[in-house]
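Protein chains in written order, with our numbering: chain C, 23 to 433; chain H, 23 to 433.
Okay, structure first, notes after.
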């Protein structure tokens with residue numbers, strides 16, 4: 023059986039271990055919820071203060087040009103593009119995932135106007151399904167949202183599908199769709215593809231260009247550590263960009279926003295997918311949060327991510343097997359994202375006990391404890407300690423662990 | 023002719039004069055662009071740091087509940103509601119003006135499904151027209167955007183109009199629409215009304231309840247000083263709220279977002295108009311910026327606003343008459359918002375000269391210099407100094423003003 027010293031040895035050999043120092047990790051906290059809200063990069067507070075006090079406070083309106091506020095959505099977009107296998111000028115940051123999804127639903131629908139089936143799966147994040155339902159009901163024009171099981175997506179692609187709307191990594195099971203295969207089959211049947219990268223960006227090596235994906239969008243407050251509710255991002259394949267008819271056609275997507283023409287004229291390229299004025303403080307925090315990624319290759323992230331997840335799964339199966347826990351999602355690591363969910367009949371209560379012991383994951387109904395592994399700052403020792411505490415809670419021996427003793431000494 | 027000492031006397035009697043100390047006003051700057059980006063309230067930086075370092079940095083994911091992040095859109099909405107004559111639980115903050123406008127276009131269209139005319143005017147902010155054009159083209163269902171001159175709106179309301187989409191205060195001329203009269207005529211003809219309060223909120227005493235307006239939306243980075251790109255707000259008349267079918271139906275508007283049902287079910291009340299996860303740093307800055315409003319009555323704002331505008335217009339006409347300047351918009355102060363635009367053939371160049379002299383307004387094509395008067399921090403002496411410098415620039419005597427002498431001494 024693996025020992026803590028084995029995990030410490032893995033940490034000693036980890037090429038990403040030095041990155042942990044770039045983040046604020048509260049003392050004693052084992053944070054396995056970076057797939058929901060990433061921790062604070064140390065570069066962020068100074069940048070937010072500079073933008074607030076210096077730029078807004080003293081340069082005021084001139085900052086839109088002098089401090090590059092207008093270009094921030096593009097600059098941040100380009101930084102994210104590198105992490106998801108996309109070329110420069112194909113990604114913009116801004117708005118929320120849900121709003122960006124609506125933009126892409128409208129764009130895809132107009133590019134495939136004779137079809138009415140939107141294909142998705144039951145492993146999609148529900149908000150994506152809600153947005154598609156809202157789109158369908160607004161259009162009132164025969165659109166059908168077809169939701170199949172994740173394993174059935176490939177077979178459900180046919181000549182009636184206008185576009186697929188798939189989240190690459192399942193937010194509960196971590197099941198990973200094959201973006202390249204799904205896209206290829208969709209294209210073979212004349213369908214377009216929209217990929218939600220919420221649990222992929224910064225966690226798995228996405229290859230938007232190589233897969234031929236038509237549209238994508240994603241989240242920056244999870245693995246990219248952009249802060250609570252940080253602006254989302256959106257991708258359009260370069261050859262499609264000038265064909266997009268934006269359904270949310272605001273002035274930030276206009277070819278000449280300061281001409282104040284009365285008629286909309288979309289900007290060339292990715293810019294037309296912008297709509298209204300973006301929240302600069304939150305965008306600047308995101309920009310600063312991305313600094314830590316500049317010298318990181320996603321292949322290194324993936325290697326450590328899989329090792330962390332494998333270590334966790336192995337330890338859980340070694341130490342918690344007696345308690346009827348069951349790991350969700352595929353057993354093959356290559357078919358998984360960067361989090362692990364465990365089914366347990368008392369999952370909610372057990373997660374509360376973990377949080378009380380300073381091991382933070384989250385719970386997803388009906389019965390899943392979810393643990394996110396963020397290669398930039400999660401250590402193998404974290405994984406060992408988390409499972410150690412989980413095992414003690416399940417065994418009813420939580421009282422003999424140092425984390426509890428430390429807490430008791432304080433309270 | 024009015025002297026500077028007259029303006030100083032007005033400042034001495036100004037009941038709002040003490041509010042200026044709540045803002046960071048850079049030394050020597052006469053800032054008349056608060057109708058574009060309000061100055062920094064001194065309460066903001068500490069709040070932003072608290073949210074960044076303490077809440078995000080140390081409480082992390084638990085802050086959604088412990089620090090009220092989830093409720094911030096409602097809390098901020100209620101604070102804004104008081105300033106626009108709306109009851110609690112009728113306003114939410116979030117997203118951008120353009121996105122919120124799209125939500126309301128969809129809502130209004132579904133509530134008046136047999137009609138196809140959207141009535142607006144050429145004094146509307148162009149982005150609103152762009153969003154309506156995008157809506158029309160997306161729907162592809164016979165919608166017509168009818169744009170008339172501002173003076174013709176009342177006459178254009180008839181039984182074909184589904185809803186009006188009007189910005190209350192014209193972003194160029196400051197012309198003020200009669201919200202109550204337009205709404206009454208619209209209702210008499212079976213039409214709904216959407217009001218854009220971008221240049222009204224915090225500037226004029228809006229009475230959403232009293233006017234019977236159906237929908238409204240607005241901006242918080244102008245007179246409300248929420249910061250660059252601060253989240254916008256949205257209002258739905260209480261009796262309509264549960265009838266709204268949200269076109270942007272994300273999880274934040276779901277009745278039970280954490281049940282993760284596959285089907286959308288709108289939350290009761292105003293909440294259903296929310297869509298995706300909001301940018302908390304920017305929302306927190308806005309919340310802190312609203313502190314300064316808590317003891318302010320909009321009637322006091324209006325009284326000072328009109329006095330500032332009147333002083334400016336009088337001084338411009340007294341001192342700049344020889345240079346062919348012409349004040350835009352109505353002459354009656356009661357028909358105006360809180361900014362003044364001046365037509366001048368060399369408006370762009372003159373505005374650059376003003377900015378070089380530390381008097382910051384902005385330029386709106388084709389020929390308007392625009393000056394915003396923000397009663398919380400603009401003084402009557404500011405107005406006098408701004409016109410003094412404007413007059414010297416137009417007279418070709420800019421070199422003999424202390425602002426220029428001070429600059430020369432430095433450079």
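Ideal Cβ placement from N, Cα and C applies to all residues, glycine included.
Which chain C residues are close to residue 124 (chain H), counting only those with a beta carbon under 7 Å from its beta carbon? For this step, residue 124 (chain H) is matched to residue 102 along the second chain. Under the 7 Å cutoff, chain C gives 270.
Amino acids of chain H, ordered along the chain, whose beta-carbon sits closer than 9 Å to that of residue 276 (chain C): Here the question's residue 276 (chain C) lines up with position 254 in the first chain. Correct list: 148, 149 and 152.
Applying the criterion that 16 or more other CB atoms from any shown protein chain within 10 Å of the CB defines a buried residue, is residue 202 (chain C) buried or exposed? Against the first chain, residue 202 (chain C) aligns to sequence position 180. When all chains shown are included, residue 202 (chain C) counts as exposed.
So if DSSP puts residue 282 (chain H) in a beta bridge, which residue, or which two residues, is it bridged to? Within the second chain, the letter at position 260 stands for residue 282 (chain H). Answer by DSSP bridge pairing: none, since residue 282 (chain H) is not bridged.
Contact with chain C by residue 360 (chain H), beta-carbon distance below 9 Å: Walking along the second chain from the start, residue 360 (chain H) turns up at place 338. Cβ-Cβ to chain C under 9 Å: no for residue 360 (chain H).
With a threshold of 9 Å between beta carbons, is residue 305 (chain H) in contact with chain C? Start at 1 with the first residue of the second chain, and residue 305 (chain H) comes out as number 283. Yes, contact with chain C.
Among the residues of its own chain, which have a CB less than 8 Å from the CB of residue 113 (chain C), if the five just before and after it don't count? Here residue 113 (chain C) is taken as the residue at index 91 of the first chain, counted from 1. If we look at residue 113 (chain C) and ignore the five residues flanking it on each side, its Cβ neighbours are 99, 100, 102, 103, 106, 255, 256, 257 and 292.
With 8 Å as the C-beta to C-beta threshold (strictly closer), list the residues of the segment 234 to 253 of chain H near chain C in chain order. 243, 249, 250, 251, 252 and 253
Any idea if residue 96 (chain C) is buried or exposed, counting beta-carbon neighbours within 10 angstroms, 16 or more meaning buried? On the first chain, position 74 is the one that residue 96 (chain C) refers to. Buried is the call here.
Euclidean distance between Cα positions of residue 192 (chain H) and residue 87 (chain H): Locating residue 192 (chain H) in the second chain gives position 170, counting from the first residue. Locating residue 87 (chain H) in the second chain gives position 65, counting from the first residue. Rounded to the nearest angstrom, the two C-alpha atoms are 40 Å apart.
Does DSSP classify residue 216 (chain C) as helix, strand or coil? Counting from 1 along the first chain, the entry for residue 216 (chain C) is found at position 194. It is a strand residue.
Note down, in chain order, all residues in the segment 42 to 60 of chain C with a beta-carbon under 7 Å from any beta-carbon belonging to chain D. Considering every chain present, this structure includes no chain D. Its protein chains are C and H.
Cβ closer than 8 Å: which chain H residues qualify as neighbours of residue 117 (chain C)? Position 95 of the first chain, counting from 1, holds the residue named residue 117 (chain C). Result: 117, 118, 121 and 298.
Would you kindly work out how many angstroms separate the C-alpha atoms of residue 408 (chain C) and residue 165 (chain C), rounded to a whole number? Walking along the first chain from the start, residue 408 (chain C) turns up at place 386. Walking along the first chain from the start, residue 165 (chain C) turns up at place 143. Straight-line Cα distance between these residues: approximately 46 Å.
In three-state DSSP terms, what is residue 433 (chain C)? As a working note, residue 433 (chain C) is residue 411 in the first chain. Caution is warranted here: a pLDDT of 44 is assigned to residue 433 (chain C), below 50, making its placement in the model unreliable, and the coordinate value is therefore given only provisionally. Residue 433 (chain C) falls in the coil class under three-state DSSP.
Give me the Cα-Cα distance between residue 362 (chain C) and residue 309 (chain C), rounded to the nearest whole angstrom. Position 340 of the first chain, counted from the first residue, corresponds to residue 362 (chain C). Position 287 of the first chain, counted from the first residue, corresponds to residue 309 (chain C). Whole-angstrom Cα-Cα distance: 28 Å.
So, at 7 Å on beta carbons, what are the nonlocal neighbours of residue 38 (chain C) in its own chain, with the 5 sequence-adjacent residues on each side left out? Position 16 of the first chain, counted from the start, is the residue given in the question as residue 38 (chain C). Once the five neighbours on either side are set aside, the close Cβ partners of residue 38 (chain C) are 322, 326, 397 and 398.
Would residue 119 (chain C) pass as a contact of residue 186 (chain C) if the rule is Cβ separation under 9 Å? Numbered from 1 along the first chain, position 97 holds the residue referred to as residue 119 (chain C). Numbered from 1 along the first chain, position 164 holds the residue referred to as residue 186 (chain C). Result no, Cβ atoms of residue 119 (chain C) and residue 186 (chain C) do not sit closer than 9 Å.
Could you please give me the residues that DSSP links to residue 240 (chain H) through a beta bridge? On the second chain, position 218 is the one that residue 240 (chain H) refers to. DSSP lists H:255 as partners of residue 240 (chain H).
What residues match up with residue 166 (chain C) in a beta bridge as DSSP calls it? For the purposes of this step, residue 166 (chain C) is taken as residue 144 along the first chain, with counting starting at 1. Bridge partners of residue 166 (chain C): C:139.
Of all the CB atoms in chain H, is at least one closer than 9 Å to the CB of residue 386 (chain C)? Along the first chain, read from residue 1 onward, the residue named residue 386 (chain C) stands at position 364. Yes, its Cβ sits closer than 9 Å to a Cβ of chain H.
State the start and end residues of the unbroken alpha helix (DSSP H) segment that holds residue 102 (chain C). Translated into the one-based positions of the first chain, residue 102 (chain C) becomes position 80. Element bounds for residue 102 (chain C): 94 to 105.
Smallest Cα separation from residue 128 (chain H): which of C:269, C:332, C:330 and C:355? Here residue 128 (chain H) refers to the residue found at position 106 when the second chain is read from its first residue. Per the Cα distances, C:269.
From which residue to which residue does the alpha helix (DSSP H) around residue 120 (chain H) run? By 1-based counting over the second chain, the position of residue 120 (chain H) is 98. Per DSSP, residue 120 (chain H) belongs to the alpha helix (DSSP H) from 119 to 133.
Report yes or no: do three or more beta-carbon pairs, one from the segment 61 to 77 of chain C and one from the segment 71 to 89 of chain H, lie closer than 8 Å? Touching, yes, given that three or more Cβ pairs across the two stretches are closer than 8 Å.
Return the residue from the list H:316, H:168 and H:190 that minimises the CA-CA distance to residue 180 (chain H). Translated into the one-based positions of the second chain, residue 180 (chain H) becomes position 158. The shortest C-alpha separation from residue 180 (chain H) is found at H:168.
Check the Cβ of residue 83 (chain H) against every Cβ in chain C and list those closer than 8 Å, keeping chain order. Residue numbering aside, residue 83 (chain H) sits at position 61 when the second chain is read from its first letter. Those are 55, 58, 59, 382 and 384, listed as they occur along chain C.
Mapping the DSSP letters down to three states, classify residue 260 (chain H) as helix, strand or coil. As a working note, residue 260 (chain H) is residue 238 in the second chain. If DSSP states are grouped into helix, strand and coil, residue 260 (chain H) belongs with the helices.
For the segment 275 to 359 of chain H, which segments carrying the alpha helix (DSSP H) assignment without a break, of at least 4 residues, lie completely within its bounds, in sequence order? 302 to 311 and 320 to 341
Check the Cβ-Cβ distances between residue 265 (chain H) and every residue of chain C, and say whether any is below 9 Å. Looking up residue 265 (chain H) in the second chain gives position 243. It does not: the Cβ of residue 265 (chain H) has no partner Cβ on chain C nearer than 9 Å.
Can you find a CB in chain C that lies within less than 9 Å of the CB of residue 195 (chain H)? Your numbering for residue 195 (chain H) matches position 173 in the second chain. Closer than 9 Å: no.
With a threshold of 16 other CB atoms inside 10 Å of the CB of residue 147 (chain H), please say whether the residue is buried or exposed. Indexing the second chain from 1 puts residue 147 (chain H) at position 125. Result: buried.
According to DSSP, simplified to helix, strand and coil, what is residue 156 (chain C)? For the purposes of this step, residue 156 (chain C) is taken as the residue at position 134 of the first chain. Of the three classes helix, strand and coil, the one that applies to residue 156 (chain C) here is helix, per DSSP.
What does residue 185 (chain C) pair with, by DSSP beta-bridge criteria? Here residue 185 (chain C) refers to the residue found at position 163 when the first chain is read from its first residue. For residue 185 (chain C), which the question treats as bridged, DSSP gives the partners C:140 and C:214.
So within the segment 48 to 101 of chain C, which uninterrupted beta strand (DSSP E) runs reach at least 3 residues, ignoring any that extend past its ends? none
Close beta carbons around residue 274 (chain H), own chain, < 7 Å, minus the five adjacent residues each side: Position 252 of the second chain, counted from the start, is the residue given in the question as residue 274 (chain H). Within the same chain, residue 274 (chain H) has close Cβ partners 296, 297, 298 and 299.
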